[in-house]
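Enquirer:
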Amino acid sequence: MIKRLIYSAAITSSLGFGANTVSAEELRFTVWTGSEAHLKMLGEIADSFTATHPDVTVRFDTIPFGDYVQKITLQMAGGNAPDLGWLLENSAPAFVDAGALADVSGTLKSADGYDYADFSQPAMGLWETSDATYGIPFSTSPFLVYYNKSLYDAAGLETPDQRIKDGSWTWEQLKSDAKALRDASSGVWGFETFDGQGYGSRVWHTLIPIIRAYGGSAWEGDSCKLDSPLSVQAVQLFHDMVYADGSTVPPGEQGDFFSGKAALTVTQISRVSKLADATFDWGIAPLPSGPAGDAATVGQAAVVAFAQGKHKELAAEFLAHMTNKENVAKMAAFFPPARKSVLNGDGFLTSNTAVAPEKMAFVAEGIESGSVLPSHQRFPQIEAEARPNFDALWSKNADVAATMKKLCSGISPLL
Numbered sequence: 091m092i093k094r095l096i097y098s099a100a101i102t103s104s105l106g107f108g109a110n111t112v113s114a115e116e117l118r119f120t121v122w123t124g125s126e127a128h129l130k131m132l133g134e135i136a137d138s139f140t141a142t143h144p145d146v147t148v149r150f151d152t153i154p155f156g157d158y159v160q161k162i163t164l165q166m167a168g169g170n171a172p173d174l175g176w177l178l179e180n181s182a183p184a185f186v187d188a189g190a191l192a193d194v195s196g197t198l199k200s201a202d203g204y205d206y207a208d209f210s211q212p213a214m215g216l217w218e219t220s221d222a223t224y225g226i227p228f229s230t231s232p233f234l235v236y237y238n239k240s241l242y243d244a245a246g247l248e249t250p251d252q253r254i255k256d257g258s259w260t261w262e263q264l265k266s267d268a269k270a271l272r273d274a275s276s277g278v279w280g281f282e283t284f285d286g287q288g289y290g291s292r293v294w295h296t297l298i299p300i301i302r303a304y305g306g307s308a309w310e311g312d313s314c315k316l317d318s319p320l321s322v323q324a325v326q327l328f329h330d331m332v333y334a335d336g337s338t339v340p341p342g343e344q345g346d347f348f349s350g351k352a353a354l355t356v357t358q359i360s361r362v363s364k365l366a367d368a369t370f371d372w373g374i375a376p377l378p379s380g381p382a383g384d385a386a387t388v389g390q391a392a393v394v395a396f397a398q399g400k401h402k403e404l405a406a407e408f409l410a411h412m413t414n415k416e417n418v419a420k421m422a423a424f425f426p427p428a429r430k431s432v433l434n435g436d437g438f439l440t441s442n443t444a445v446a447p448e449k450m451a452f453v454a455e456g457i458e459s460g461s462v463l464p465s466h467q468r469f470p471q472i473e474a475e476a477r478p479n480f481d482a483l484w485s486k487n488a489d490v491a492a493t494m495k496k497l498c499s500g501i502s503p504l505l
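For the sequence shown, the working numbering gives the first residue as 91, with consecutive numbering after it.
#1: Residue 122 lies in the beta strand (DSSP E); which residues open and close that run?
#2: Kindly list the residues whose CB is nearer than 8 Å to the CB of residue 299, restricted to its own chain and excluding five residues on each side of it in sequence; keep chain order.
#3: Within 10 angstroms of the Cβ of residue 492, are there 16 or more other Cβ atoms? Answer buried if so, exposed if not.
#4: Below 8 Å, how does it come out for the region 151 to 162 and the region 195 to 213: are there three or more Cβ pairs, yes or no?
#5: Return the chain-ordered ranges of every alpha helix (DSSP H) run that is complete within the region 119 to 162 and spans a minimum of 4 residues.
#6: Whole-angstrom Cβ separation of residue 174 and residue 408, contact assumed at under 8 Å?
#7: For a quick check, are the C-beta atoms of residue 397 and residue 191 less than 8 Å apart?
#8: Report the residue from 230, 379, 250, 227 whose alpha carbon sits nearest the alpha carbon of residue 238.
#9: Could you check what DSSP says for residue 358 in three-state terms: helix, strand or coil?
#10: Could you give the DSSP three-state label for residue 294: helix, strand or coil?
#11: Check residue 476 in the structure and name its three-state DSSP category.
#12: Which value, in whole angstroms, describes the spacing of the CA atoms of residue 288 and residue 202?
#13: Between which two residues does the alpha helix (DSSP H) carrying residue 376 extend?
#14: DSSP three-state label for residue 259, please.
#15: Could you give the DSSP three-state label for residue 242: helix, strand or coil?
#16: Going straight from the alpha carbon of residue 405 to that of residue 395, what length do you get?
#17: Which residue marks the beginning of the beta strand (DSSP E) containing residue 232, and which one marks its end?
#18: Which of helix, strand or coil does DSSP assign to residue 237?
#19: Any heavy atom of the ligand COA within a distance shorter than 7 Å of the CB on residue 486?
#20: Looking only at C-alpha atoms, which of 248, 459, 295, 256 sits nearest to residue 267?
#21: Please go through the same chain and pick out, in chain order, the residues whose beta-carbon is closer than 6 Å to the beta-carbon of residue 101, but skip the five residues on each side of it.
#22: So, with DSSP's three-state summary, where would you put residue 189?
#23: Helix or strand or just coil, what does DSSP make of residue 247?
#24: On the DSSP letters alone, give me the boundaries of the beta strand (DSSP E) that residue 281 sits inside.
#25: Taking the continuous alpha helix (DSSP H) assigned at residue 177, which residues delimit it?
#26: Once the 5 residues before and after residue 136 are set aside, which same chain residues still bring their CB inside 6 Å of it?
#27: Which residue wins for smallest C-alpha separation from residue 181, given the options 155, 205, 170?
#28: Thinking residue 187 and residue 222 are a contact (beta carbons under 8 Å), I'd like their distance in whole angstroms, please.
#29: Would you decide whether residue 220 is buried or exposed? Buried here means 16 or more other CB atoms lie within 10 Å of its CB.
#30: Are three or more beta carbon pairs between the region 340 to 356 and the region 278 to 285 nearer than 8 Å?
#31: Using a Cβ-Cβ cutoff of less than 8 Å, which residues in the same chain neighbour residue 131 once the five nearest sequence positions on both sides are dropped?
#32: Grab me the residues of residue 317's own chain with a C-beta within less than 6 Å of its C-beta, minus the 5 sequence neighbours each way, in chain order.
#33: Using the beta-carbon count (16 or more within 10 Å), is residue 440 buried or exposed?
#34: CB residue 500 to CB residue 479, shorter than 8 Å?
#35: State the CB to CB distance for the pair residue 117 and residue 401, rounded to an integer number of angstroms; the pair is presumed to be in contact (CB under 8 Å).
#36: Rounding to the nearest angstrom, what Cα-Cα distance links residue 504 and residue 255 in this structure?
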């Protein structure tokens, strides 16, 4: 029997997909994006699936990023698991270890023209074992610096693009730029953390790129390295940006690079969609280098089918459709792909009309050279244990070295 999938009313009403569709059965797909451009693209991919499945429609449920893992975990515990969804790299080991993800290898490898071998082997590392596949990365996206070129020009400062050419684009330089570009009188901050969430749900996104550029790391095997002198030096640099310089949006305050209220931020290529109506000139650049050189950091997310979903067979079929070559090429406008044929093709360089091909080229380079954010089978417990100590960093008089030592003491037994 053909199952029916339906668009959620909240999404279909804004995109015009027929919010009043009613179905006795549905396959539910959870995401954390609220971007109209992203949801429109996902809807088009779903439409191409329904073209060959006339009784099928698709429901996408948006869950805020900060609540995402907790809410889908609670849904699974309550017997209401999604059928498919997005999942971040740091959650992959825990979900695989718990048996929460369905093995979709049979469906993928038997799908006509799918070409499973086209996926980059390093990109698949978190999502497959020797005999099973638990997800397909749809986004292997390096972190980038977005900068407000209008503010740089008005201040007479060299832009990150210019500094890349002479090798002076460093974290110390970003710190200096952020301080120079801070304008309290007009409410413009020098730097805003990742999606403005860099002290809570994205604290790892904020600190890990700097830590790696300074030669530090989160952990190596079962040894915590967040309290090493190099890691502490990196965290101290960011702490100084917030409290000594006053250049960075602190906890509890609002900035927003995308509305012109911050000169710099770190995020990913998918956020370009938020600049469609920008009233200022902007640019993107790779992460700055540090004493240890360049340290590209990659955030990864995959499409997964949940083991407790009610429609596992159809979910695997839709997963195969969403991640085939044609649809990966569509998603590449926002989400750098793990398919080698798409990533290395000329089409990727021109996939996003808002970003010049030479900029997309260093996105591709970041994927090739970057390291994925830290992950672990016990990452949810590690994150919960680390949170109070991360929170303790965010005061002017915090002892960074002592706080990071206490943090490592707390998470070491979990490693």
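Even for Gly, the Cβ is constructed at its ideal location relative to N, Cα and C.
Expert: This is what the structure holds:
#1: Unbroken run through residue 122: none, as it is neither H nor E.
#2: 233, 356, 377, 385, 387
#3: exposed
#4: no
#5: 126 to 140
#6: 7 Å
#7: yes
#8: Of the listed residues, the one whose Cα sits closest to residue 238 is 250.
#9: It is coil, neither helix nor strand.
#10: helix
#11: For residue 476, the secondary structure class from DSSP, reduced to helix, strand or coil, is helix.
#12: 42 Å
#13: Per DSSP, residue 376 belongs to no alpha helix (DSSP H); it is in the beta strand (DSSP E), 372 to 376.
#14: In the structure shown, residue 259 sits in coil (DSSP, three-state: anything other than H, G, I, E or B).
#15: Correct three-state label for residue 242: helix.
#16: Straight-line Cα distance between these residues: approximately 6 Å.
#17: 226 to 232
#18: strand
#19: With respect to the ligand COA, the structure offers nothing, as it holds no ligand at all.
#20: 248
#21: Residue confidence is low: residue 101 scores 39 on pLDDT, short of 50, so the model does not pin down where it sits. Its coordinate-derived value is still stated next. Taken in chain order, the residues that qualify are 129, 150.
#22: Secondary structure at residue 189: coil, using DSSP grouped into helix, strand and coil.
#23: coil
#24: For residue 281, the enclosing beta strand (DSSP E) begins and ends at 279 to 282.
#25: No alpha helix (DSSP H) holds residue 177; the beta strand (DSSP E) holding it covers 174 to 178.
#26: 148
#27: 155
#28: Not confirmed; about 13 Å, so no contact.
#29: exposed
#30: Output reads yes: the region 278 to 285 touches the region 340 to 356.
#31: 420, 421, 423, 424
#32: 494, 495, 498
#33: Exposed, by the Cβ-count rule.
#34: yes
#35: 5 Å
#36: When rounded, the distance between both Cα atoms is 43 Å.
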